[in-house]
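Just below is one structure, and these are the notes that go with it.
Protein chains: 2
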Amino acid sequence: MTHSALIIDNLQYANWSEKIFQQMVEGGVSAVHVTIAYHEQFRETVLNMEAWNRWFETYPDLIFQGFTADDVHRAQNEGRTAIFFGFQNPSPMEDDIGLIEILHRLGGRFMQLSYNNQSFLATGCYEDEDPGITRFGKQAIAEMNRVGMVVDMSHSAERSTLEAIEISSRPIAITHANPHVWHPALRNKSHAVLSALTKAGGMLGFSLYPHHLKDGTDCTLDSFCQAIADAAASYGAQHLGIGSDLCQDHPDSVVEWMRNGRWSKVLDYGEGSAGNAGFPPQPDWFVDNRDFGNISEGLEKVGFDQAEINGIMGRNWLNFYETSFGASAAATG
Amino acid sequence: MTHSALIIDNLQYANWSEKIFQQMVEGGVSAVHVTIAYHEQFRETVLNMEAWNRWFETYPDLIFQGFTADDVHRAQNEGRTAIFFGFQNPSPMEDDIGLIEILHRLGGRFMQLSYNNQSFLATGCYEDEDPGITRFGKQAIAEMNRVGMVVDMSHSAERSTLEAIEISSRPIAITHANPHVWHPALRNKSHAVLSALTKAGGMLGFSLYPHHLKDGTDCTLDSFCQAIADAAASYGAQHLGIGSDLCQDHPDSVVEWMRNGRWSKVLDYGEGSAGNAGFPPQPDWFVDNRDFGNISEGLEKVGFDQAEINGIMGRNWLNFYETSFGASAAATG
Numbered sequence: 001m002t003h004s005a006l007i008i009d010n011l012q013y014a015n016w017s018e019k020i021f022q023q024m025v026e027g028g029v030s031a032v033h034v035t036i037a038y039h040e041q042f043r044e045t046v047l048n049m050e051a052w053n054r055w056f057e058t059y060p061d062l063i064f065q066g067f068t069a070d071d072v073h074r075a076q077n078e079g080r081t082a083i084f085f086g087f088q089n090p091s092p093m094e095d096d097i098g099l100i101e102i103l104h105r106l107g108g109r110f111m112q113l114s115y116n117n118q119s120f121l122a123t124g125c126y127e128d129e130d131p132g133i134t135r136f137g138k139q140a141i142a143e144m145n146r147v148g149m150v151v152d153m154s155h156s157a158e159r160s161t162l163e164a165i166e167i168s169s170r171p172i173a174i175t176h177a178n179p180h181v182w183h184p185a186l187r188n189k190s191h192a193v194l195s196a197l198t199k200a201g202g203m204l205g206f207s208l209y210p211h212h213l214k215d216g217t218d219c220t221l222d223s224f225c226q227a228i229a230d231a232a233a234s235y236g237a238q239h240l241g242i243g244s245d246l247c248q249d250h251p252d253s254v255v256e257w258m259r260n261g262r263w264s265k266v267l268d269y270g271e272g273s274a275g276n277a278g279f280p281p282q283p284d285w286f287v288d289n290r291d292f293g294n295i296s297e298g299l300e301k302v303g304f305d306q307a308e309i310n311g312i313m314g315r316n317w318l319n320f321y322e323t324s325f326g327a328s329a330a331a332t333g
Numbered sequence: 334m335t336h337s338a339l340i341i342d343n344l345q346y347a348n349w350s351e352k353i354f355q356q357m358v359e360g361g362v363s364a365v366h367v368t369i370a371y372h373e374q375f376r377e378t379v380l381n382m383e384a385w386n387r388w389f390e391t392y393p394d395l396i397f398q399g400f401t402a403d404d405v406h407r408a409q410n411e412g413r414t415a416i417f418f419g420f421q422n423p424s425p426m427e428d429d430i431g432l433i434e435i436l437h438r439l440g441g442r443f444m445q446l447s448y449n450n451q452s453f454l455a456t457g458c459y460e461d462e463d464p465g466i467t468r469f470g471k472q473a474i475a476e477m478n479r480v481g482m483v484v485d486m487s488h489s490a491e492r493s494t495l496e497a498i499e500i501s502s503r504p505i506a507i508t509h510a511n512p513h514v515w516h517p518a519l520r521n522k523s524h525a526v527l528s529a530l531t532k533a534g535g536m537l538g539f540s541l542y543p544h545h546l547k548d549g550t551d552c553t554l555d556s557f558c559q560a561i562a563d564a565a566a567s568y569g570a571q572h573l574g575i576g577s578d579l580c581q582d583h584p585d586s587v588v589e590w591m592r593n594g595r596w597s598k599v600l601d602y603g604e605g606s607a608g609n610a611g612f613p614p615q616p617d618w619f620v621d622n623r624d625f626g627n628i629s630e631g632l633e634k635v636g637f638d639q640a641e642i643n644g645i646m647g648r649n650w651l652n653f654y655e656t657s658f659g660a661s662a663a664a665t666g
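Read top to bottom, the protein sequences are chains A and B.
The numbers in our numbering rise by one with no breaks, and the one at position 187 of the first sequence is 187.
The number in our numbering is simply the position in the second sequence, starting from 1, with 333 added.
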């Protein structure tokens, strides 16, 4: 039972390759939410979907596109990995609310309302001012709620995040971030946010991106798992999962793109710095998709029972998928 | 049984409105293949899909988007109309073969390889020269076959059409045209084409657009039904259906767009003429979606039995939908 438990990683952005897809399957990862847009507009996002379609066609024994929670069961039964699309910025919907339904039809299941900067919809966590959810943002949240696209506030600012939780009629997600109390990085989340998020039925995906970890690359497995245990004590284990933010095999030019898109002529270092501009190395206990077993073991050592571990490693996200990806009851016609 | 028989109209392009959707339901039309692009590029086609999504949301008691043959049964059971998307030109896929799968995911089920003019893929019926299916065209047909998008050659030239029938690994369609032997219009189809089409399992949708009818607007119901009877004798009734080409409530500016798109600075009159440039009036026995009963009765008068009538009015298209809209067996992963 332990080794065949369901694993879902609710955020990765790798330099995708057959090697990585094989590692997903070897690691028993049944579903991965993959980022397919950071700053891409609609047509560019569709080109990224086309690239994924080519991979689905080329590696059908390893991966297929996921649309519903049932696809996760199918992946687990068939020893494959279901790939779910998400966007870290609302750039794919441009200025057009009608594109939300189109993107959902194409498989988009998570969309951040902002990525570090101010968007049309909400404020990013690097802005000095956070005026909250905009007029367009309120309309977009309602439309995302209607069609079944999850609001993700991982890179958003505090007030915008609290308002999104309040405004959204369905539970939202912070797919990849950690508690600020454990590691006070700008990207990590306050108690107020995590409390409101989980009280509203939302999910937090624990990140393994070194800038989000206490002691960065040197973070210990025990410290990471203890942070999850502390969060479980505060918010309930059923609201916690993994969103590793694994950025595997990328050249550093990609993290420059993630941080700078086309918006800045002056290099922005985001969570890094001029002296530490590239992708940081992963902790040695979580390097690729074959290392989720280490986390399961670490969770056991800090005192979680098997049901809680199964929840955190995949079941909690699966439950969230089940109620989040379909049209709202009011919208089914 | 007679009055509740399944009705499918496999081509319309109307100035869509609640009135027309109500007429579909009143007329007992369970499925309509609607044109959503004449010359539109990808992003423009998506805007047209967004407009349809708005109609689906606004009139859920009348219409919903159809993706599979099962949706036709659902429409019939619920007294609604399933709307299937199609393109009269490959313009929505631009120069990008990857867009075929994207458009199919969005519900595109029929695509003409050319519309009157030469395209990247094939030749249109108004060109002087017809070099047949192009290199890109062969790749596009294979991809359409793989994902389940039907090749439609209604507006294509003779050699291109014969080659498409030959090259396609799945049956193709001529969604809206009539036999040339009955009315020798440029848009109507030769015996050679209809024979090859139907021998390969393809479908012909009989058009009610006056330029395709013997005696145009004055065409009699009996003449129309006799043409179907003659075609049934030559090719088999099971390969015949309706593709009315009903262009309801449009201003004449729309037929100008259909004929001229953005490709000509000199007005092209297509099947019309300088003295008869607009939409021609419909015959009085087929004006809107409530008139399919007239055709059923006409078919009975020319000697079809009830099973044949049910086939022509809808069942034959339904059978075709069942085997045409899914991924090819080789493509399922």
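All C-beta atoms, glycine included, are put in the ideal place defined by N, C-alpha and C.
Note that the coordinates shown come from a computational prediction; the quantities given were computed from them, not determined experimentally.
1. Please work out which residues of its chain come closer than 7 Å, Cβ to Cβ, to N10 of chain A, disregarding the five sequence neighbours upstream and downstream, and give them in chain order.
2. Does the beta carbon of V46 of chain A sit closer than 9 Å to a beta carbon anywhere in chain B?
3. Between which residues of its own chain and N652 of chain B is the CB-CB distance below 7 Å, once the five residues before and five after are set aside?
4. Could you name the residues of chain A that M382 of chain B contacts, counting a contact when the two beta carbons are closer than 9 Å?
5. Where does S363 of chain B sit, in a helix, a strand or coil, going by DSSP?
6. For a contact defined as C-beta to C-beta under 7 Å, what are the partners of N53 of chain A on chain B?
7. Can you tell me which of the three DSSP states I505 of chain B falls into?
8. Hey, would you say V526 of chain B sits closer than 9 Å to L495 of chain B, going by beta carbons?
9. Quick one: Cα of G431 of chain B to Cα of V405 of chain B, how far?
10. Quick one: list the residues of chain A neighbouring R376 of chain B, beta-carbon separation under 8 Å, in chain order.
11. Using only CA atoms, which one of A:W285, A:E158, A:A164 lies nearest to D218 of chain A?
12. Which whole runs of the beta strand (DSSP E) in the region 41-89 of chain A are 3 residues long or more, in chain order?
13. If you draw a straight line from the alpha carbon of P171 of chain A to that of E655 of chain B, how long is it in whole angstroms?
14. Leaving out the 5 sequence neighbours to the left and right, which residues in its chain are closer than 8 Å to L339 of chain B when beta-carbon positions are compared?
15. Exposed or buried, what is L519 of chain B when buried is set at 16 or more other beta-carbons lying within 10 Å of its beta-carbon?
16. Take G79 of chain A and list the residues in its own chain whose beta-carbon comes closer than 7 Å to its own, dropping the five residues that flank it on each side.
17. So the alpha helix (DSSP H) I141 of chain A belongs to, where does it begin and stop?
18. What residues are listed by DSSP as bridge partners for F206 of chain A?
19. Starting from the N-terminal side, write out each stretch of the alpha helix (DSSP H) that is 4 residues or longer and does not extend beyond the region 90-131 of chain A.
20. Taking only runs of the alpha helix (DSSP H) that begin and end inside the region 539-614 of chain B, which ones reach a length of at least 4 residues, in chain order?
21. By the three-class DSSP mapping on this structure, what secondary structure does N348 of chain B have?
22. May I ask you to report which of helix, strand or coil DSSP gives N511 of chain B?
23. To the nearest angstrom, how far is it from the Cα of C125 of chain A to the Cα of R387 of chain B?
24. Among A:F67, A:V46, A:G293, which one has its Cα closest to the Cα of M149 of chain A?
25. Using beta-carbon positions only, say whether G270 of chain A and M258 of chain A come within less than 9 Å of one another.
26. Apart from the five residues on each side of it in sequence, which residues of its chain come closer than 6 Å, Cβ to Cβ, to P210 of chain A?
27. For the candidate residues A:N178, A:G278, A:S169, whose alpha-carbon lies nearest to that of D249 of chain A?
28. Give a yes or no on whether 9 Å exceeds the smallest Cβ distance from M1 of chain A to chain B.
29. Can you give the Cα-Cα distance for D601 of chain B and L541 of chain B, rounded to whole angstroms?
30. What distance in whole Å lies between the Cβ atoms of D130 of chain A and E334 of chain A, which are believed to be in contact at a cut-off of 8 Å?
31. Is it true that the region 627-635 of chain B meets the region 556-568 of chain B, where meeting means three or more beta-carbon pairs spaced less than 8 Å apart?
According to the structure shown:
1. H33, T175, G205, G241, I242, G243, W317
2. yes
3. none
4. G98, E101, I102, R105
5. strand
6. G431, E434
7. coil
8. yes
9. 28 Å
10. F42, R43
11. A:W285
12. 63-65, 81-87
13. 38 Å
14. S363, V405, Q409, N643, M646, G647, R648, L651
15. exposed
16. V25
17. 135-147
18. A:I242
19. 98-105
20. 554-568, 585-593
21. coil
22. coil
23. 34 Å
24. A:F67
25. yes
26. G216, T217, P280
27. A:G278
28. Annotation note: pLDDT 36 at M1 of chain A (below 50); position unreliable, coordinate value reported separately. False, the Cβ-Cβ gap to chain B never drops below 9 Å.
29. 22 Å
30. There is simply no residue 334 of chain A to check, as chain A begins at 1 and stops at 333 in what is shown.
31. yes
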